[in-house]
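First residue of the sequence shown? That's 15 in our numbering, and the numbers climb one at a time after it. Ideal Cβ positions, reconstructed from N, Cα and C, are used throughout, including at glycine. Note sheet for the following structure.
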Amino acid sequence: MKNDTIVLDHGSGGLLSHELTEKIMLPAFDNDVLSRLDDSAVIESQKGRMAFSTDSFVVDPLFFPGGNIGDLAVNGTVNDIAMSGAVPLYLSAGLIIEEGFAIRDLEAIIASMAAAARQAGVSIVAGDTKVVPRGAADKLFINTSGVGWIVGDLEINAANARAGDCVLLSGTMADHGMTILNQREGLTFDADVKSDSAALNGLVARMLSAAPDGIRVLRDPTRGGVATVLNEIALASGAGIQINESSLPVRKSVSGLCELLGIDPLYAANEGKLIAIVDRACADAVLAVLRQDPLGADACIIGQVTADHPGRVVMETAIGGRRIVDMLIGGQLPRIC
């Protein structure tokens, strides 16, 4: 490790996060399930395969246009389970609350969690609450864990990408990350800048119905954004990924805010979008299913998997050039989820 102490960038989803995982976590917890580093762990059992995931949420501010930490915590874990092709079923919720936190705010957040769980078709069946002294935490942190069942013999993971596959993105980039920055800095830039936080399990189920054998990889581009997820897929599969700048969807208001603040939307988080690596023969069918759903209305093909530049992501720019899209060392935006 290059650092003697933990820095904020260790939690960014970028290269320092990967270093922390690979040099400290993986050697200590080493096992075949964990080493795949997918959004959820796929565990074999006598009755079938189970997907299991956990996530902690420290977003600041707690309330933002399009949601709050409560529905974000439910949707985030539901989506991580769905990215393995599993049907999410049950969640747990753990809360760390700072002394002095307003009961009214807690009630609103819990109500949002309950509503999001109903919307996603999951039940919150276990939980824990701890209260810490003032200053020992920042208002409220939430952890959610979840389980779901994988139907049939689906094998969806980042190592499956292969040359010739299409890269699909279900909608506009950077919506959540830029919403959080806009609120945190008090910019009130545009009423149209709001989080895309949503549960994607229903959308994934419809995609799998349309192309049960053609979907190789599913990932949701949260911390680190689209660029980081594509790099993770390229590294896991050993393939190259080529994307087209002119195909990347960004909402006009979000693009304007990114330009104003010098943020690259490729690295800013979403909380209600997915990336799918799909067999070229199925790409049009999957794209049609995405576009029929409000959560995928802006879906598009943004690139392809290639045998060239293995382990690398390369972008064809709007002016005809090419540039490598690397992972960032740290993050542009701390505490966005």
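request  = Rank 213, 188 and 77 by C-alpha distance to the C-alpha of residue 118 and give the top, closest one.
outcome  = Counting from 1 along the sequence shown, the entry for residue 118 is found at position 104. For the residues 213, 188 and 77, the minimum Cα distance to residue 118 belongs to 77.
Integer-rounded CB distance, given that residue 281 should sit under 8 Å from residue 242 = Taking the sequence shown and counting its residues from 1, one reaches residue 242 at position 228. Taking the sequence shown and counting its residues from 1, one reaches residue 281 at position 267. That pair is a contact at about 7 Å.
task = Specify, as a first and last residue, the run of the beta strand (DSSP E) that residue 233 falls within.
result = One-based indexing of the sequence shown puts residue 233 at position 219. 229-233 is the span of the beta strand (DSSP E), which, as asked, contains residue 233.
query = So residue 272 is in the beta strand (DSSP E); what residue range does that whole segment cover?
reply = Numbered from 1 along the sequence shown, position 258 holds the residue referred to as residue 272. It is not in any beta strand (DSSP E) - residue 272 instead sits in the alpha helix (DSSP H) that spans 266-275.
task = Using beta-carbon positions only, say whether residue 239 and residue 192 come within less than 8 Å of one another.
result = In the sequence shown, counting from the first residue as 1, residue 239 sits at position 225. In the sequence shown, counting from the first residue as 1, residue 192 sits at position 178. In this structure, residue 192 does not lie closer than 8 Å to residue 239 by Cβ.
inquiry  = Measuring straight from C-alpha to C-alpha, what distance separates residue 338 and residue 245?
reply    = Looking up residue 338 in the sequence shown gives position 324. Looking up residue 245 in the sequence shown gives position 231. Take the alpha-carbon of residue 338 and the one of residue 245: they are about 10 Å apart.
Cα-Cα separation between residue 37 and residue 15, rounded to whole angstroms = Here residue 37 refers to the residue found at position 23 when the sequence shown is read from its first residue. Here residue 15 refers to the residue found at position 1 when the sequence shown is read from its first residue. The alpha-carbon atoms of residue 37 and residue 15 are separated by roughly 7 Å.
task = Go ahead and pull the three-state DSSP assignment for residue 192.
result = To locate residue 192, count along the sequence shown from 1; it is residue 178. Of the three classes helix, strand and coil, the one that applies to residue 192 here is helix, per DSSP.
request  = Mark residue 143 as exposed unless 16 or more other C-beta atoms lie within 10 angstroms of its C-beta, in which case mark it buried.
outcome  = Sequence index remark: in the sequence shown, residue 143 carries index 129 (1-based). Label assigned to residue 143: exposed.
query = Cα-Cα, which of 194, 300 and 227 is closest to residue 174?
reply = Position 160 of the sequence shown, counting from 1, holds the residue named residue 174. Taking only the C-alpha atoms, the option nearest residue 174 is 227.
ask   = Around the C-beta of residue 329, are 16 or more other C-beta atoms found within 10 angstroms, so that it is buried, or is it exposed?
value = One-based indexing of the sequence shown puts residue 329 at position 315. When all chains shown are included, residue 329 counts as buried.
ask   = Any idea if residue 42 is buried or exposed, counting beta-carbon neighbours within 10 angstroms, 16 or more meaning buried?
value = Taking the first residue of the sequence shown as position 1, residue 42 is located at position 28. That one is exposed.
ask   = Would you call residue 58 buried or exposed, if buried means 16 or more other Cβ atoms sit within 10 Å of its Cβ?
value = Walking along the sequence shown from the start, residue 58 turns up at place 44. Taking all protein chains in view, the Cβ of residue 58 is surrounded by fewer than 16 other Cβ atoms within 10 Å, so the residue is classified as exposed.
task = Could you tell me if residue 60 is buried or exposed, where buried requires 16 or more neighbouring beta carbons within 10 angstroms of its beta carbon?
result = In the sequence shown, the residue the question calls residue 60 occupies position 46. Flag for residue 60 reads exposed.
task = Under 7 Å Cβ to Cβ from residue 302, same chain only, skipping five residues before and after it: list those, please.
result = On the sequence shown, position 288 is the one that residue 302 refers to. Cβ within range, chain order: n/a, list empty.
key: Residue range of the beta strand (DSSP E) that includes residue 256   = If you number the sequence shown from 1, residue 256 lands on position 242. Looking at the DSSP string, the run of the beta strand (DSSP E) that includes residue 256 is 254-258.
inquiry  = Rounding to the nearest angstrom, what Cα-Cα distance links residue 291 and residue 185 in this structure?
reply    = Here residue 291 refers to the residue found at position 277 of the sequence shown. Here residue 185 refers to the residue found at position 171 of the sequence shown. If I take the Cα positions, the gap works out to 14 Å.
task = Quick one: which unbroken beta strand (DSSP E) runs of 3-plus residues sit fully inside the stretch 146-196? Chain order, please.
result = The qualifying runs are 154-164 and 180-183.
task = Between the Cα of residue 222 and those of 134, 98, 347 and 314, spot the shortest distance and give me the residue it belongs to.
result = By 1-based counting over the sequence shown, the position of residue 222 is 208. The candidate whose alpha carbon is nearest that of residue 222 is 98.
task = Excluding the 5 residues preceding and the 5 following residue 66 in the sequence, name in chain order all residues of the same chain whose CB lies nearer than 7 Å to its CB.
result = By one-based count along the sequence shown, residue 66 stands at place 52. The beta carbon of residue 66 is closer than 7 Å to those of 54, 55, 57 and 161 in its chain, skipping five residues each way along the sequence.
inquiry  = Spatial neighbours of residue 307 within its chain, please: C-beta separation below 6 Å, excluding the five flanking residues on both sides.
reply    = By 1-based counting over the sequence shown, the position of residue 307 is 293. Same-chain partners within the cutoff: 217.
query = Excluding sequence positions up to five away, which residues of its chain have a Cβ less than 7 Å from the Cβ of residue 103?
reply = Counting from 1 along the sequence shown, the entry for residue 103 is found at position 89. For residue 103, where only same-chain residues beyond five positions count, the Cβ hits under 7 Å are 136, 161, 162 and 163.
query = Can the beta-carbon of residue 225 be found less than 8 Å from the beta-carbon of residue 321?
reply = The count along the sequence shown starts at 1 and reaches residue 225 at position 211. The count along the sequence shown starts at 1 and reaches residue 321 at position 307. Their beta carbons are not under 8 Å apart, which means residue 225 does not touch residue 321 by this criterion.
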